[in-house]
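A.B. asks: My questions all concern the structure below.
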C-alpha cells in the first residue's frame, strides 16, 4: 500500500470520525463516542508511523557511493580526452537541473 493511499484512507477516517463524534454526542451515547475516538486515534497513529518510516531522502552511505561512481565516471571521461572543466561544468548543470524538478 502506498503512502498516498494510506493518507487518503486516514483522511476519510478523520472526516467520518468527526461526524461520528458529533452524532454520538448528540445521541448521548458514550460508547459510540469512545469507539469512534479510538478508531480515529488508531488511524492517526498509523499515519504518523507510515510517514516516519517512508523516508524520501536516501541514506548517507548511498549518497557516498553515488558520489564515488559519479567521480569515477568524470575521471574516465577526462582520461578519454574530454576537458575536465567542461565535464565538471556539465555535471554541475545536470545537478542544478535535477534539483529544480
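Numbering (the numbering used here), first residue to last: 1 to 101. For each residue, glycine too, the CB sits at the ideal point set by N, CA and C.
1. Would you mind listing the alpha helix (DSSP H) stretches within the segment 25 to 101 that are 4+ residues and don't spill past its ends, in chain order?
2. Work out the CA separation of residue 63 and residue 77 for me, nearest whole Å.
3. At the level of alpha carbons, what is the spacing between residue 30 and residue 13?
4. Would you mind stating whether residue 74 and residue 53 have Cβ atoms separated by less than 9 Å?
5. Kindly give me the distance between the Cβ atoms of residue 21 and residue 36, rounded to whole angstroms, as I take these residues to be in contact under 8 Å.
6. Using C-beta distances below 8 Å, list every residue in its chain close to residue 46, excluding the 5 sequence neighbours before and after it, in chain order.
7. I'd like the list of long-range same chain contacts for residue 25, defined as Cβ closer than 7 Å, with 5 residues on each side in sequence excluded.
8. I need the DSSP call for residue 9, collapsed to helix, strand or coil.
9. So is residue 17 buried or exposed if we call it buried at 16+ other beta carbons inside 10 Å?
C.D. replies: To lay it out plainly:
1. 30 to 53, 60 to 79, 84 to 100
2. 21 Å
3. 19 Å
4. no
5. 6 Å
6. 6, 10
7. 33
8. helix
9. buried
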